């Protein structure tokens with residue numbers, strides 16, 4: 151006998167009568183609607199058992215054609231096995247308890263496939279316990295063959311949870327210090343430093359907020375120092391533009407990392423449903439006396455009553471100071487200067503793209519005359535340029551290479567910018583409200599820059615640009631952006647696939663050469679001097 155389940159045969163010599171082939175044995179057949187009891191041991195869905203006998207050949211175990219399948223459903227027994235019965239203790243441990251059902255059938259001698267199927271209270275096969283089969287069980291004349299099948303029930307495997315409770319300490323404000331005194335003159339730089347320590351050594355974000363209706367410029371971050379004792383000192387500059395009392399609040403937030411990006415611990419906790427404060431703060435005053443320079447009533451970077459050439463809302467008020475730089479030369483190209491002067495700017499040749507050079511200009515005008523890549527010096531200074539833009543610099547780039555331009559644009563990692571010459575001679579105006587198309591050099595329309603060789607070297611896919619991007623020019627397809635501007639931090643980036651250096655050098659057909667060099671070039675510089683798309 152073979153079996154796919156654990157099967158025990160309990161031999162017996164009990165006599166049994168014979169049954170004719172055409173007479174159904176007693177207690178045999180298909181039945182349902184039984185008063186099924188429940189599995190009281192294992193908390194399964196089992197309430198009864200279905201027994202099936204299929205006649206098979208004793209020679210090869212094949213089903214006998216036209217032989218009837220015998221089926222009976224039985225309640226679970228009231229006792230548990232082995233129940234102190236020695237004959238069952240060979241299979242079960244004497245101290246164990248097993249729920250079972252039993253069917254006693256008088257059948258013809260021969261061989262049978264025997265199947266037991268646990269049933270639920272609705273008489274359907276159990277989802278918790280499996281059927282069991284014994285193949286070709288032989289029933290001998292004048293004897294009872296006892297077969298015990300084991301119907302294995304699944305048990306829910308446990309999970310595991312490892313709970314850690316980590317302490318986080320809010321940052322502590324150690325000191326606030328004025329470089330000279332909290333008393334100064336109007337339009338004089340007030341330098342203030344705050345020192346914060348986080349005992350967990352978490353990174354710290356500083357926030358400086360002037361709380362006054364008096365005019366002021368700043369705050370502008372000028373330094374951040376990691377001290378030997380683990381504390382961090384950040385220094386800012388604020389310029390009072392009137393006499394009076396100026397109140398400032400400094401806050402320091404500790405940071406976690408979520409999905410690779412810094413997040414304030416307070417925001418992290420709120421997101422987990424455990425809101426709590428985790429920052430240090432202090433509000434303090436400083437005073438400006440009615441002495442020193444008197445601010446002029448000019449508008450600088452959109453703010454009235456500024457102190458000339460000083461910080462304005464966190465950036466240096468040097469909007470008309472235009473640095474110019476050529477990626478291939480590693481310094482400015484003289485062909486860039488006429489457009490700057492025509493726009494009313496002060497040209498400054500940039501030779502190293504150093505932080506000091508960038509801090510002394512309001513606009514950086516960059517051209518890439520290479521079709522094969524970006525300048526090595528420029529690539530090495532991308533972080534410094536990005537920082538300068540964040541602090542208020544307007545960056546203007548005209549690019550021939552275009553491929554992988556996302557890597558040199560502050561905040562541009564998600565952009566899709568493609569080098570492409572399928573429609574390179576057409577430039578249409580999308581936004582005619584800026585100085586780019588109507589400025590000191592003149593007015594541009596949909597035909598002014600057409601017919602170049604090439605007018606553009608590719609495009610940015612409109613749908614990948616920031617929602618507040620000012621898309622100024624496109625190819626014939628308006629989703630293929632040739633020139634656009636977007637804000638970054640306190641500054642702005644103007645990027646164009648126009649090979650402007652080509653036309654500034656006097657090359658290419660005319661038109662559109664003069665329109666590029668004498669109209670577009672000064673217009674785009676004037677746009678940068680005016681703050682471009684800074685909100």
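In my numbering, the protein residues as written are 151 to 685.
Built from N, CA and C at the ideal position, the CB exists for glycine as well.
Nothing here was measured: the structure is a model prediction, and the numbers come from that model.
Shown here, residue 203 sits in a strand according to DSSP, grouped into three states. Taking each of 607, 540, 679 and 628 in turn and checking the Cα distance to residue 639, the smallest one comes out for 540. Contact fails between the segment 406–416 and the segment 360–374, because fewer than three Cβ pairs, one in each stretch, are under 8 Å apart.
When secondary structure is reduced to three states using DSSP, residue 362 falls in the coil class, being assigned neither helix nor strand.
In this structure, residue 347 sits away from residue 328, with a CB-CB distance that is not shorter than 8 Å. Collapsing the DSSP output to three states places residue 549 in a strand. With respect to residue 607, residue 574 sits close: the two C-beta atoms are nearer than 8 Å. Annotation: the continuous beta strand (DSSP E) that includes residue 637 extends over 630–638. Judged by beta-carbon spacing, residue 634 lies within the 8 Å limit of residue 615, meaning their Cβ atoms are closer than that value.
Taken atom to atom, the span from the alpha-carbon of residue 501 to that of residue 520 is near 18 Å. If you ignore the 5 residues before and after residue 239, its C-beta comes within less than 6 Å of the C-beta of 232, all in its own chain and listed in chain order. Sequence-distant partners of residue 360 (beyond 5 residues in either direction) whose C-beta falls short of 6 Å from its own C-beta, in its chain, are 366 and 398. In this structure, residue 584 keeps its C-beta atom at 8 Å or more from the C-beta atom of residue 632. Residue 206 and residue 311 have their alpha carbons spaced roughly 52 Å apart. Here residue 299 carries a strand assignment [DSSP, helix/strand/coil]. It is roughly 34 Å from the alpha-carbon of residue 219 to the alpha-carbon of residue 246. Collapsing the DSSP output to three states places residue 390 in a strand.
Fewer than three beta-carbon pairs drawn from the segment 521–533 and the segment 581–599 are found closer than 8 Å, and the two stretches are therefore not classed as touching.
In this structure the segment 247–267 touches the segment 294–302; the number of beta carbon pairs closer than 8 Å is three or more. Closest in C-alpha terms to residue 401, from the list 412, 387 and 429, comes 429. Looking at the backbone, the Cα of residue 629 and that of residue 613 are separated by about 7 Å. The criterion of a C-beta distance shorter than 8 Å is satisfied by residue 261 and residue 286. In this structure residue 544 does not touch residue 586 by the C-beta definition: roughly 13 Å separates them, more than the 8 Å allowed.
For a cut-off of 8 Å, the C-beta gap from residue 323 to residue 432 is around 5 Å, short enough to register as a contact. With respect to the 8 Å criterion, residue 651 and residue 517 are classified as neighbours on the basis of their beta carbons. Judged by DSSP in its simplified three-state form, residue 663 adopts helix. Of the other Cβ atoms in all chains shown, 16 or more fall within 10 Å of the Cβ of residue 550; this residue is therefore buried.
Residue 326 has its alpha-carbon roughly 9 Å from the corresponding atom of residue 383.
Relative to residue 358, the option among 387, 337, 375 and 333 whose CA is nearest is 387. Per DSSP, residue 668 lies in no alpha helix (DSSP H) segment and is marked neither H nor E. Note that the C-beta distance between residue 546 and residue 678 is below 8 Å. By the criterion of a C-beta distance shorter than 8 Å, residue 439 is surrounded in its chain by 333, 334, 335, 336 and 393, once the five residues flanking it on both sides are discounted.
Taken in chain order, the complete alpha helix (DSSP H) segments of 4 residues or longer contained in the segment 455–538 are 487–492, 505–509 and 526–530. DSSP places residue 416 in the uninterrupted alpha helix (DSSP H) bounded by 415–421.
In the DSSP annotation of this structure, the continuous segment of the alpha helix (DSSP H) that includes residue 651 starts and ends at 650–654.
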